[in-house]
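A.B. asks: Protein chains in written order, with the working numbering: chain A, 1 to 278; chain B, 279 to 541. For every residue, glycine included, the Cβ atom is placed at its ideal position computed from N, Cα and C.
#1: From the DSSP output, which residues share a beta bridge with residue 343 of chain B?
#2: Skipping 5 residues on each side, what residues in its chain have a beta carbon closer than 6 Å to that of residue 432 of chain B?
#3: Can you pull the chain A residues whose beta carbon is under 8 Å from the beta carbon of residue 364 of chain B, in chain order?
#4: Under three-state DSSP, which class holds residue 180 of chain A?
#5: Starting from the Cα of residue 269 of chain A, find the closest Cα among A:246, A:221, A:202, A:231 and give me that residue.
#6: For residue 287 of chain B, would you say it is in contact with chain A, using Cβ-to-Cβ distances shorter than 8 Å as the test?
#7: Taking 8 Å as the CB-CB cut-off, is residue 161 of chain A touching chain B?
#8: Just verifying my parser: in three-state terms, what is the DSSP assignment at residue 189 of chain A?
#9: Check each residue of the segment 302–328 of chain B: if its Cβ is closer than 7 Å to any Cβ of chain A, include it; give the result in chain order.
#10: Using beta-carbon positions only, say whether residue 55 of chain A and residue 46 of chain A come within less than 8 Å of one another.
#11: Using the C-alpha atoms, what's the distance from residue 90 of chain A back to residue 135 of chain A?
#12: Taking the alpha carbon of residue 196 of chain A as the reference point, which residue from A:22, A:33, A:266, A:21 has its own alpha carbon closest?
#13: Measure the Cβ-Cβ separation of residue 286 of chain B and residue 497 of chain B and say whether it is below 8 Å.
#14: Is the separation between the beta-carbon of residue 92 of chain A and that of residue 131 of chain A shorter than 8 Å?
#15: Hey, out of B:515, B:314, B:365, whose CA is closest to residue 422 of chain B's CA?
#16: Look up residue 317 of chain B in the DSSP assignment and give the residues it is bridged to.
#17: Output, in sequence order along the chain, the residues in the segment 179–199 of chain A whose CB is closer than 7 Å to any CB in chain B.
#18: From which residue to which residue does the beta strand (DSSP E) around residue 433 of chain B run?
#19: Pick from B:292, B:384, B:322: whose alpha carbon is nearest that of residue 529 of chain B?
#20: Under the three-state reduction of DSSP, which class applies to residue 156 of chain A: helix, strand or coil?
#21: Looking at the secondary structure, which residues open and close the alpha helix (DSSP H) in which residue 513 of chain B lies?
#22: If the cut-off is 7 Å on Cβ atoms, which residues from the segment 372–391 of chain B count as contacting chain A, listed in chain order?
#23: Looking only at C-alpha atoms, which of B:482, B:382, B:477, B:418 sits nearest to residue 507 of chain B?
#24: Okay, do the segment 33–48 of chain A and the segment 220–232 of chain A touch, 3+ Cβ pairs below 8 Å being the bar?
#25: Would you identify the three-state DSSP class for residue 357 of chain B, choosing helix, strand or coil?
#26: Determine, using beta carbons only, whether residue 380 of chain B and residue 389 of chain B come nearer to each other than 8 Å.
#27: What are the boundary residues of the alpha helix (DSSP H) that residue 234 of chain A is part of?
#28: Roughly how many angstroms lie between the CA atoms of residue 218 of chain A and residue 207 of chain A, to the nearest whole one?
#29: How many angstroms separate the CA atom of residue 330 of chain B from the CA atom of residue 357 of chain B?
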């Protein structure tokens, strides 16, 4: 692609955007600095408190190493715990997307369907997923129980964002396709979906947060022996705070990682937009 | 109106929304490759006329035909250049221009060839990969025009395509559209409320009255192109149309601000 950038300075500048590499390096440096500052303050605090219930960062690291190499007191490895939580999360989250997006599109396209049924739909939004735990324990077992609870947490943000997004479809964009004789399916694929996709991804990121909250709560009560939430409960009963903090930090780190993956997807998919909302 | 059979477009319709008559006995023909401008006071139903010609709206009485057949956007090739920016923000310039070709399911190799050619014609070479937010308003409208000319449109409809552009850009675009039309012969129906634009561009200028719209005048513009907007013939013709339009606007109950500005 031979762009004649020199001849078109204004557009070329807009296309190039701000110098990405220099800005990114700076951002990474700032983030590492912030992390260092927090760790330092934590270390100082731990030294001052000198309490087994306020472990220093190094103790956390040691606990992490023990868990990673030797497994926990019940013989489950750290990877079993993480694997169990991530699998449950992904299954429930995938269910949330698989139902939330089509239903959101449908209710967005046929506002009447939503308007006529919202008395059934809306109240469910306000029942926290963890309030379903007793019923989930009765009706489901194994991964189904967790998948159900996480689905409840992920569904509504995705569903609502999709439905609201459909309202953003510009009539003019629809008309562009209609004048060429495009049918409903083509308009759905070529106009509605591209318009709504940013909202879907946004809803997915919100849903991901609720999903993590839900899974830890579910694992705190569930009967299984693996899962990061389970591991946390086991160690809190033993009053072994470093391991509890390891579980907490892993949940945070995994959530962060998943969010970053979605953000990358957004950046790639929506490079046509001015900027990606962070 | 005579009943010549070589007409590209034949319109004979009346349209009403409930009790409210929008069009009354709108009847005209457009020859192949003719450039027809339609003028009228604001709110006289020009956009409704374009919707009927695009096959998006069925008139309550009568019909519009292209090559003798009722208009159906799925079967005929109709292009539409809209008043508002109609580029799709998630497609780059190249894919925006290809929209019509892709709906018509033309082979991808052909699409590439046609888009390459038309990009040259509208002067967007070098901007193929740019997204709409990266180019100016005039360029966006050029993308829309390229899109309209990319398909072998039997009929190109234009709804005040230059109204949101500043004056110099607008004048440049008027020259460009004539240039494109002369290179890629098409039948064009161009709606505007700017009389100067209509007389400058059209082979014919149709003037509509308002509420309900009737054809008030159908004037052939027999001036050589390129037209000199300062020549005596041009100003005379424009003044003649302006008088008509002002009269219509006054009858419609408002002092035509738009036609007055245009003159």
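C.D. replies: Straight from the coordinates:
#1: Bridge partners of residue 343 of chain B: B:288, B:348.
#2: So the qualifying residues of the chain are 344, 354, 355.
#3: Residues of chain A with a Cβ closer than 8 Å to the Cβ of residue 364 of chain B are, in chain order, 172, 173, 175, 176.
#4: In the displayed model, residue 180 of chain A falls within coil according to three-state DSSP, outside both helix and strand.
#5: Ranking A:246, A:221, A:202, A:231 by Cα distance to residue 269 of chain A puts A:202 first.
#6: Taking Cβ atoms only, chain A never reaches closer than 8 Å to residue 287 of chain B, which makes this a no.
#7: For residue 161 of chain A, the answer is no, since every Cβ of chain B falls outside 8 Å of its Cβ.
#8: In the structure shown, residue 189 of chain A adopts helical secondary structure according to DSSP, grouped into three states.
#9: Within the segment 302–328 of chain B, no residue qualifies.
#10: Yes. Within cutoff.
#11: Approximately 21 Å between the Cα atoms of the pair.
#12: With distances taken between Cα atoms, residue 196 of chain A lies closest to A:266.
#13: Contact: no.
#14: Not closer than 8 Å, so no.
#15: Minimum Cα distance to residue 422 of chain B is reached at B:365.
#16: In the DSSP output, where bridge partners are listed per residue, residue 317 of chain B has B:485.
#17: The segment 179–199 of chain A vs chain B, Cβ under 7 Å: 179, 180, 181, 182, 186, 194.
#18: Residue 433 of chain B: member of the beta strand (DSSP E) spanning 433–437, first to last residue.
#19: Of the listed residues, the one whose Cα sits closest to residue 529 of chain B is B:322.
#20: Look at residue 156 of chain A here: in three-state DSSP terms it is helix.
#21: Annotation for residue 513 of chain B: the continuous alpha helix (DSSP H) segment containing it runs 510–529.
#22: Residues passing the 7 Å Cβ filter: 377, 378, 381, 382.
#23: The option with the nearest alpha carbon to residue 507 of chain B is B:477.
#24: Pairwise C-beta distances place the segment 33–48 of chain A out of contact with the segment 220–232 of chain A, as fewer than three of them are shorter than 8 Å.
#25: Residue 357 of chain B falls in the strand class under three-state DSSP.
#26: Cβ atoms of residue 380 of chain B and residue 389 of chain B: closer than 8 Å.
#27: Following the DSSP letters along the chain, one finds residue 234 of chain A inside the alpha helix (DSSP H) bounded by residues 228–237.
#28: Rounded to the nearest angstrom, the gap between the Cα atoms of residue 218 of chain A and residue 207 of chain A is 16 Å.
#29: Inter-residue distance for residue 330 of chain B and residue 357 of chain B is about 13 Å (C-alpha atoms, whole angstroms).
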